[in-house]
Every structure is written in structure tokens, then in C-alpha cells.
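Asks:
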Amino acid sequence: MPFLSDTLAAVKPSPTVAVTQLARELQAKGRDIISLGAGEPDFDTPDNIKAAAIAAIEAGKTKYTPPDGIPELKQAICDKFARENGLSYQPSQISVSTGGKQVLYNALMATLNPGDEVIIPAPYWVSYPDIVRLGQGTPVIVEGEEARGFKITPEALEAAITPATKWFIFNSPSNPTGAGYTEAELKALTDVLLRHDHVWIMSDDMYEHLAFDGFRFVTPAQVEPRLYDRTLTVNGVSKAYAMTGWRIGYAGGPEHLIAAMRKIQGQSTTNPSSISQWAAVEALNGPQDYLSERCAAFSARRDLVVAGLNACPGITCAVPEGAFYVYPSVAGCIGAVSSGGKIIATDEDFCTALLEEQGVAVVFGAAFGLSPYFRVSYAESEAVLAEACARIKTFCEGLHHG
Ligand code: GLU
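All residue numbers for the sequence shown refer to my numbering, where the first residue is 5 and numbers rise by one.
(1) Of all the options Ile338, Gly344, Thr186, Arg379, which has the alpha carbon lying nearest to the alpha carbon of Gln362?
(2) Measuring CB to CB, does Val222 end up less than 9 Å from Tyr185?
(3) In this structure, how does DSSP classify Met210 when only helix, strand and coil are distinguished?
(4) Is Ala42 near the ligand GLU - that is, is its Cβ less than 8 Å away from at least one heavy atom of it?
(5) Helix or strand or just coil, what does DSSP make of Lys170?
(6) In whole angstroms, what separates the C-alpha of Glu391 from that of Glu62?
(7) Could you have a look at Trp129 and say whether DSSP puts it in helix, strand or coil?
(8) What would DSSP say about Ile396, mapped onto helix, strand or coil?
(9) With DSSP as the reference, label His200 as helix, strand or coil.
(10) Decide if the stretch 293 to 308 is in contact with the stretch 205 to 222; the criterion is three or more beta carbon pairs, one per stretch, under 8 Å apart.
(11) Compute the beta-carbon to beta-carbon distance between Leu403 and Val364, rounded to the nearest angstrom, for a pair I have assumed lies under 8 Å.
(12) Measuring straight from C-alpha to C-alpha, what distance separates Leu30 and Ser375?
(13) In or out: Phe7 buried (at least 16 other Cβ within 10 Å) or exposed?
(14) CA-CA distance, Asn89 and Pro177?
(15) My parser needs the beta strand (DSSP E) runs of 3 or more residues fully inside the stretch 354 to 379; what are they?
(16) When the Cβ atoms of the stretch 41 to 60 are set against those of the stretch 68 to 78, are three or more pairs found closer than 8 Å?
(17) With DSSP as the reference, please indicate the residues paired to Tyr329 in a beta bridge.
(18) Secondary structure at Leu116, three-state DSSP: helix, strand or coil?
(19) Cβ-heavy atom distance between Val367 and the ligand GLU below 8 Å?
(20) Which of the three DSSP states, helix, strand or coil, is assigned to Ala160?
(21) When you compare the CB positions of Ile123 and Leu161, do they come within less than 9 Å of one another, or not?
(22) How about Tyr294 and Phe328: are their beta carbons less than 9 Å apart?
(23) If you run the structure through DSSP and keep just helix, strand and coil, what is His404?
(24) Look at the alpha carbon of Ala263 and the alpha carbon of Thr69, and state the distance between them as a whole number of angstroms.
(25) Taking 9 Å as the cut-off, decide whether the C-beta atoms of Ser18 and Ser131 are in contact.
(26) Take Ala192 and list the residues in its own chain whose beta-carbon comes closer than 7 Å to its own, dropping the five residues that flank it on each side.
(27) Run the proximity test for Lys67: is its beta-carbon closer than 8 Å to any non-hydrogen atom belonging to the ligand GLU?
(28) Looking at Asn110 and the ligand GLU, is the gap between the Cβ and the nearest heavy atom below 8 Å?
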């Protein structure tokens, strides 16, 4: 009898987590590594948020909390949804978890039965398909083409829907491409979803506050209020407030779904960290002015990285609307041999050789379901990014094409 579960055998370790860990290990061994693998802001958590956490510790707010969030945080989240997204939720419709990842995990575990299908646009964040598999569901991948900014068409969404479809996972601005759907593009998708009332919508809005050049962020329940009753709107404080390690994600949705998610959480982590919850209250209720300052910094970094990558022979890089990722193509490098003698047959080969020969850690495109590409997380200083681009250029210039 195998020791590990059959379900787990179908699941891969998270490649984003693995690349980040590998970069850390190489750095610890003294290697000069530039890590553009993790999707994590380099900025520090703002001081007012840290102070709120310290005050919570000192006030003894260090005990169990209600499983899916303290009332103060649920209210702050309701206020945020109303203020920023025009969405009206009651505290009973809010779930707070240990990161956005646990929100998605709880929702999928609470609703999937074997054979249920979940439509996921590719390229996708690495964990969507594997969490679906953990829930014994079936990921149904719809590819977005680079020529359309990696966004899927309403026709492709319509074609993927079957009687077994339970969820459609939507993510804009996207991890890993940075692509953002305009209101018209999203409306075209919600029009399709309106016609299929058995399909639920899970909107991962984690990169909401990272949108450039005047791009206006929109979320499905806002664009199509008739989908409100079957939409889970997911967000978190990690990316906007530089709080990845605090692990606070949240969602608004129908009460019966939120109650089901609470049941999963009560049987797993019990509640997200009490201290982090108080920090998140301050993040959402406190000053918001640094969001636009940081967004402007990310926009300048995007421009630097796109220009730097497009100067590398064999690489082409589109200009995305948001997040802090770009998703360049390495089509022009496939089939070449690196100066270190590595044959570049896949985007994974490209990334492995780049790490070995130039010490730049990025994540290969196959992990996100669309090749041959790689993901650069440009949440680093401009000096580091310029050095990374120079190293990638040296690597590409060293490729021999047979
Ligand atoms: N979401 C980030 C990323 O894509 C953090 C790592 C993870 O959880 O995947 O890199």
C-alpha cells in the first residue's frame, strides 16, 4: 500500500516557492545571485502597520480569534470593498485566511467533488491547477495568446464550459504576465458567464493596486452585478502593503460559501495569526498614500525591465498593464547552446542555464502553463534590475545557434 495519497501524487511542489528557496540556498553558499523569482515586493511593511502589530502584542491580542477573522478586520474589509470596488458585503460574507492561497484553497476544498471542472486561463499562477487537483477537481486550461496580451477571448471561455464546470478562476492584473483586463474585456467574459448559471467565479484581485499608465482595475461582481451571488472576490494585504510574510488574505462572497470555507479553516489552521489580523486592520483603515507612490516606482521598473529584456538577442517582451511581473518569450533562444555548453531545448533549460551561468533566478514558463517564456518578478531596486538585465543580455549573447 503506498504511503502517500494518490491525490498528492498528482500535485507538483510550487515552482515559485522552489525557485525562491533555491536562490536563497545558493546565496547562503556564497554565490552572487540576483533573485527575480519570488513575487514579493522589496519594500518594507509600512511603519504604521508594524506599530499596530506591536500594539496588538502588547495589548495581549495574542489568543485564538474567531476562525475566519476578528470583527474589526471584517468591517475594515467590507469598507474596503465598498470604497474601492463599489461592492457591498456584510461581515457575515467575509472570510479572512492565512494568505490569499488559503482563501482559494478553502473555497476549492469546500466546493469541489471528483470530476468537477475548473476553468483556468493560462498562463496561470502556479498554484491554481494544483489546488484544484488536491480537491480532486479537473483543471481545464484555456490559453491566452501573447498577441492578445495573454488575455483569453469570450469565445474560448464559452467553448471551455461544460455541464461539469464548477468555477472559472479570473486573475487581473495577472500573475505571471501582468496583463490587465479592461472593463470591456471583462464584460465580454461576464456576458458569457451570465448564460451559464451553474458556473461560479473566483476572482483573484491580489494585484489590484499595481496598475500602470492609467489602467483602471475592475472586478467581475462590480462589472456584472448579476454575478454577485456566484462570485467570490479574493484579495489580500500581501502585495499592496508589502506584507507577504504576515499571511493575510480575504474574500467576500455569498454567506453559504463563506460558512463552508469557515468549516474547512476550523478544521485546519483555526484562524489566521491574531497579530497579523490587527496589522491588516491598520493596513486597510490607515493612510493609503504610499500605494500610489509604490505603484509609480513599479511602473518605472517595468519600463526599465521591458527595455532591458528587449535588448537581449532571442528575447521579446510585451508591455503589461500591471502587477510586478513581465513574461518575456525565449522563442528566439530555443535550440541554441549556452556558453556553458547547455542545450536550450525548453524554457526550463533557459532558466536553469541562466541561473548556473549568470546567477539570475527567474521562473520558467512551463510552470505557468505557457511556453516558451519565463517570468521576471521586478520587485527589486532599479540598480539590481539593471544588473540582472545586463547579465541576461550577456547570457543571450553567449548562445550559439547551430
Ligand atoms: N505569489 C507569489 C509568486 O507567485 C509568491 C509565491 C507563491 O505563493 O507562489 O511568486
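Glycine included, C-beta positions come from ideal geometry on N, C-alpha and C. Since the structure is predicted, the reported quantities are computational estimates derived from the model, not experimental observations.
Replies: Concretely, from the data shown:
(1) Gly344
(2) yes
(3) coil
(4) yes
(5) strand
(6) 43 Å
(7) coil
(8) helix
(9) coil
(10) yes
(11) Actually they do not touch by this definition, with Cβ atoms about 15 Å apart.
(12) 26 Å
(13) exposed
(14) 15 Å
(15) none
(16) no
(17) Ser381
(18) coil
(19) yes
(20) helix
(21) yes
(22) no
(23) strand
(24) 16 Å
(25) yes
(26) Pro158
(27) no
(28) no
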